[in-house]
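Novice: Quick one: the structure is below, questions incoming.
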Amino acid sequence: MKLGLVCISEQLKSVDKENSFRTMTRKRFNDLTMMHNRNYAIKELSKRISKNIEVTSLIIKHCEKKGIAHYRLTCAGFPLLTDPTLNLSFNALDNASGIKKQLICLGAQIKKSPISIGSHPDQFNVLASNNKKSVSKTIKELDFQASIIDMMGMPKDYTCPINIHINASPNDKKANLEKQIKELGERFYKGFKKCSSSIRNRLTIENEDKGFFSVKHILIFHQYIKNTYNVSVPVCYDNLHDECNNTCGNSLEKNMNLCLETWPKNIDPVFHWSQGKKDKPRSHRDYFSTNYFPPDAHREIKWECEVKAKDYAICQLLNEKHLKNDVGKS
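Start counting at 1 in the sequence shown, then tack on 1424, and there's your number in my numbering.
Next comes the structure, spelled out in structure tokens:
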């Protein structure tokens, strides 16, 4: 059972609050510019970004120590660099060459470790949007996130996936399913082909907890893209989303296995494992219920655990699995 940590280590934060990611708002950047000057604001932003890389390095070491097999990078590690109002860039950072060296070292650390990484830009990144500005903004953000992973020297393939929601619906709600899939597929591919190869070779898509893209529809969508454009975009299976938005009546295990088949045979898929609250089924719990393990499959899967207690919850689940295995051997 390979489990993955999502962005934040609550265990490291409990040891020292300094083991936290730093952000900066647009307002704060502009305030610093007004109080001092733009160069000062950029220096402060650069310090925070450098610190975020240090924290990421600590988390990778922590994951290795705790037996956590995978880590989802935070997309907030480089705040404001894609903000269209601020005209910032990576190369404009103070000590950009030093920060790039940090990224190279981080990548080397990851490659020497048993930890794999991935990324999940937020839901506002929509390649299939009807809004051209939204699509352009999405492409810029995705390409930037991929460029950071490139600087780390990570493979340009699905061993380092960048996962997004399609987060769109057909314009014609009354059209038949074939026409709806065609419309959404054309919109998606129009944006997809404008992305850098660093994105195109890593991009995965996820079933959603409401709306059009249930497992049933995302698998049909995957096949349409593959047949029409000769592009196979793997599906990242999310068990909680499937529970909330199961439109085909299949068991979760069957849907998991169907999504599994969309991945290259030589790569471990990265899926999402979570559990909803009883009163708010779409909201993630703090901890998993006792022995709430991902289902077995015919090949290895890495499960990013979407729970609020983060590594506390993961370690609890790993311990329960070890205890269960020990009992089985006795």
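C-beta: ideal position from N, C-alpha, C; glycine also.
Can you check the region 1678-1735 for any beta strand (DSSP E) of at least 3 residues that lies completely inside it and give the ranges in chain order?
Specialist: 1694-1697 and 1726-1729
Novice: List the endpoints of the continuous beta strand (DSSP E) containing GLU1630.
Specialist: Sequence index remark: in the sequence shown, residue 1630 carries index 206 (1-based). Where GLU1630 is concerned, the enclosing beta strand (DSSP E) stretches over 1627-1630.
Novice: What does the alpha-carbon distance come out to for the pair PRO1693 and LEU1682?
Specialist: Residue numbering aside, residue 1693 sits at position 269 when the sequence shown is read from its first letter. Residue numbering aside, residue 1682 sits at position 258 when the sequence shown is read from its first letter. Straight-line Cα distance between these residues: approximately 12 Å.
Novice: Select from CYS1668, LYS1557 and LEU1643 the residue whose C-alpha is nearest the C-alpha of GLU1602.
Specialist: Looking up residue 1602 in the sequence shown gives position 178. Answer by Cα proximity: LEU1643.
Novice: List the DSSP bridge partners of ASP1518.
Specialist: Against the sequence shown, residue 1518 aligns to sequence position 94. Looking at the DSSP assignment, ASP1518 forms no beta bridge with any residue, so it has no partner.
Novice: Are the region 1539-1556 and the region 1494-1506 touching, with three or more C-beta to C-beta distances below 8 Å?
Specialist: Contact between the region 1539-1556 and the region 1494-1506 is present, because at least three Cβ pairs lie under 8 Å.
Novice: With contact counted as at least three CB pairs below 8 Å, one residue from each stretch, are the region 1605-1613 and the region 1562-1582 in contact?
Specialist: The region 1605-1613 makes no contact with the region 1562-1582: fewer than 3 CB pairs, one atom from each, lie closer than 8 Å.
Novice: Using a Cβ-Cβ cutoff of less than 7 Å, which residues in the same chain neighbour GLY1531 once the five nearest sequence positions on both sides are dropped?
Specialist: The residue labelled residue 1531 in the question sits at position 107 within the sequence shown. The residues are MET1576, GLY1577 and MET1578.
Novice: Quick check for students: name the residue ranges of the alpha helix (DSSP H) that lie wholly in the region 1455-1530, counting only runs of 4 or more.
Specialist: Segments of the alpha helix (DSSP H) lying fully in the region 1455-1530: 1462-1490.
Novice: Does ASN1587 come out as helix, strand or coil in the three-state DSSP assignment?
Specialist: In the sequence shown, residue 1587 corresponds to position 163, counting from 1. Collapsing the DSSP output to three states places ASN1587 in a strand.
Novice: Please say whether LEU1427 and ILE1738 have beta carbons closer to each other than 7 Å?
Specialist: As a first step, residue 1738 must be located in the sequence shown, where it is residue number 314. As a first step, residue 1427 must be located in the sequence shown, where it is residue number 3. Contact: yes.
Novice: Any chance the region 1625-1640 sits against the region 1582-1598, with 3 or more Cβ pairs inside 8 Å?
Specialist: yes
Novice: What number of angstroms, rounded off, separates the C-alpha of ASP1710 from the C-alpha of GLU1434?
Specialist: On the sequence shown, position 286 is the one that residue 1710 refers to. On the sequence shown, position 10 is the one that residue 1434 refers to. Each residue's alpha carbon lies about 12 Å from the other.
Novice: Rank HIS1641, THR1671 and CYS1619 by C-alpha distance to the C-alpha of VAL1559 and give the top, closest one.
Specialist: As a working mapping, residue 1559 is identified with position 135 in the sequence shown. Comparing Cα positions, the closest option is CYS1619.
Novice: Less than 8 Å between C-beta atoms, sequence neighbours within five positions excluded: which residues of the same chain meet that for ARG1624?
Specialist: Here residue 1624 refers to the residue found at position 200 of the sequence shown. If we look at ARG1624 and ignore the five residues flanking it on each side, its Cβ neighbours are PHE1616, LYS1617 and VAL1655.
Novice: Leaving out five residues on either side along the sequence, give the residues of the same chain with a beta carbon under 7 Å from the beta carbon of LEU1399.
Specialist: Look at the range of the chain in this structure, 1425 to 1754, and you will see that residue 1399 is not part of it.
Novice: Do THR1686 and PRO1718 have their C-beta atoms within less than 7 Å of each other?
Specialist: Numbered from its first residue, the sequence shown carries residue 1686 at position 262. Numbered from its first residue, the sequence shown carries residue 1718 at position 294. Their beta carbons are not under 7 Å apart, which means THR1686 does not touch PRO1718 by this criterion.
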